[in-house]
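What follows is a short report on a single structure.
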Amino acid sequence: MLFLKGLLGIEENVTNHPEKLISGLGAAVGIGLVYGLTQWFVPDATAWILASMGASAVLLFAVPHGPLSQPWALVGGHLISALVGVSVQQCLPGQPFAPALAVGLAVLLMCYLRCIHPPGGATALAAVIGGPAIHQLGYGYLLIPIGINVAVILAAAVLFNSVFAWRRYPRTLASSGHVVNKSLPTLTHEDFAAAMHDLNTFVDVAPDELSDIFARAWEHARQHDSHKLELHKGAYYSNGEVGAQWCVRQIFDCDDDLSRNDAKLIYRNVVGVESEQTTLCRVGEFRQWVRCQVQKRNGHWVRVVPEAQ
-1 MLFLKGLLGI EENVTNHPEK LISGLGAAVG IGLVYGLTQW FVPDATAWIL
49 ASMGASAVLL FAVPHGPLSQ PWALVGGHLI SALVGVSVQQ CLPGQPFAPA
99 LAVGLAVLLM CYLRCIHPPG GATALAAVIG GPAIHQLGYG YLLIPIGINV
149 AVILAAAVLF NSVFAWRRYP RTLASSGHVV NKSLPTLTHE DFAAAMHDLN
199 TFVDVAPDEL SDIFARAWEH ARQHDSHKLE LHKGAYYSNG EVGAQWCVRQ
249 IFDCDDDLSR NDAKLIYRNV VGVESEQTTL CRVGEFRQWV RCQVQKRNGH
299 WVRVVPEAQ
């Protein structure tokens, strides 16, 4: 099952339910405005324009901090692609290779101009295969409906996301307010998972966003290092490794007093190296292996930070 999940590339979306609902509501608001304006200006072109703007709505409202969602990517990606699409249609009307050429040139220019926005490909394609209603617009296609639609959905994204401090758009307006502790302990798999859970936003990670994740991960590691780890029957523990050596074990059974290094316990590997294996060992051996207590939250193993005494 895990192999199939990795092969299919099923995303690890760690956002909570309210955040997912906010994303859906924002997309509905943005597209509602775009749809109304498109019908007003170009009734016959509604279906084609919504194809690209609907894709933009996914980025602006579900991944507002991603590099592909930022204003220059949105505006440049759509307008440059529209320009390319119209130019190809004007120069090579009705040619069977025109749609592929338009999309290919649009992607090339977006790469060079650093405004990659996947929905731009649909905008270029619509300019070529959109039919008479689109072709008659000529280069006016860049202004009506593309320019107006882009302006509307951009304004909607800025205003809607501004209501929520953690997802303000553009991402430069979203300050985490997280202070990095300068004493940096060793990071573990669980620190990263906990940081992603705290961040509560689904991101196509940019350098500044990744920096915030690191800061939160350091904080989780610092909090853990200030507490003494206790062992409990039924609890889950990690070795704190990363990559192929990472492992989570559950104490399945044990002696009553686990404060003694010669006490015995039985653990089973839950995730990672030698999973499902059950082993008897002494507490001293287990303590040499263990790094932190963990729990499963939203499908991820995160560190358990005991309350300060």
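Heads up, the sequence shown is in our numbering, so the first residue is -1 and it goes up one at a time.
Cβ coordinates follow ideal geometry from the N, Cα and C atoms, glycine included.
Buried or exposed by the 16-neighbour rule on C-beta atoms within 10 Å, applied to residue i
i: C279; result: exposed
i: H63; result: buried
i: R247; result: buried
i: F59; result: buried
i: S257; result: exposed
i: C290; result: buried
i: G297; result: exposed
i: R227; result: Checking the displayed sequence, the identity of residue 227 turns out to be Leu instead of Arg. So L227 counts as exposed.
i: H115; result: buried
i: P41; result: exposed
i: V101; result: buried
i: L140; result: buried
i: A215; result: buried
i: A153; result: exposed
i: H15; result: exposed
Alpha-carbon to alpha-carbon, residue j and residue i
i: V27; j: V105; result: 28 angstroms
i: G138; j: P94; result: 24 angstroms
i: R295; j: G282; result: 28 angstroms
i: K262; j: V300; result: 26 angstroms
i: N267; j: Q275; result: 5 angstroms
i: H230; j: I211; result: 30 angstroms
i: F39; j: Q88; result: 22 angstroms
i: A25; j: V61; result: 11 angstroms
i: V156; j: L81; result: 25 angstroms
i: D253; j: G238; result: 25 angstroms
i: A192; j: Q68; result: 26 angstroms
i: A96; j: L123; result: 9 angstroms
i: D196; j: G92; result: 52 angstroms
i: P65; j: G136; result: 30 angstroms
i: H133; j: W244; result: 57 angstroms
i: V178; j: Q37; result: Caution applies to V178, whose pLDDT of 48 falls short of 50 and renders its modelled position unreliable; the value that the coordinates give is listed next. The alpha-carbon atoms of V178 and Q37 are separated by roughly 49 angstroms.
i: L19; j: L6; result: 25 angstroms
i: T277; j: D251; result: 10 angstroms
i: A242; j: L90; result: 54 angstroms
i: F162; j: L23; result: 13 angstroms
Whether residue i touches residue j by CB criterion (8 angstroms)
i: L35; j: N159; result: no
i: Y33; j: L57; result: no
i: G83; j: L111; result: no
i: V126; j: L103; result: no
i: L107; j: I142; result: no
i: G232; j: I249; result: yes
i: W70; j: C109; result: no
6 angstroms CB neighbourhood of residue i in its chain, flanking five on each side removed
i: V288; result: Y235
i: H76; result: G118, T121, I144 and V148
i: L99; result: V86
i: R169; result: H63
i: I264; result: F250, D251 and L278
Chain-order list of residues whose beta-carbon lies under 7 angstroms from that of residue i (same chain, five-residue window excluded)
i: V292; result: E188, Y234, Y235, S236, V246, W299, V300, R301 and V302
i: R166; result: N159, S160 and A172
i: S21; result: F59 and A60
Cβ neighbours of residue i in the same chain (closer than 8 angstroms, five flanking residues each side left out)
i: I151; result: G28, I29, L31, V32, M51, S54, A55, L58 and L72
i: N259; result: R280, V281, G282 and R285
i: D255; result: A261
CB contact check: residue i to chain D, cutoff 8 angstroms
i: A192; result: Here there is only one protein chain, and chain D is not present.
Uninterrupted alpha helix (DSSP H) stretches inside the region 28 to 96 (no shorter than 4 residues): 44 to 60 and 69 to 89
Those runs of the alpha helix (DSSP H) which lie wholly inside the region 272 to 301 and span at least 4 residues: Correct list: 281 to 287.
Length at least 3, wholly inside the region 229 to 256: the beta strand (DSSP E) runs in chain order: 234 to 236 and 245 to 252
Complete runs of the alpha helix (DSSP H) confined to the region 93 to 120 [at least 4 residues]: 96 to 110
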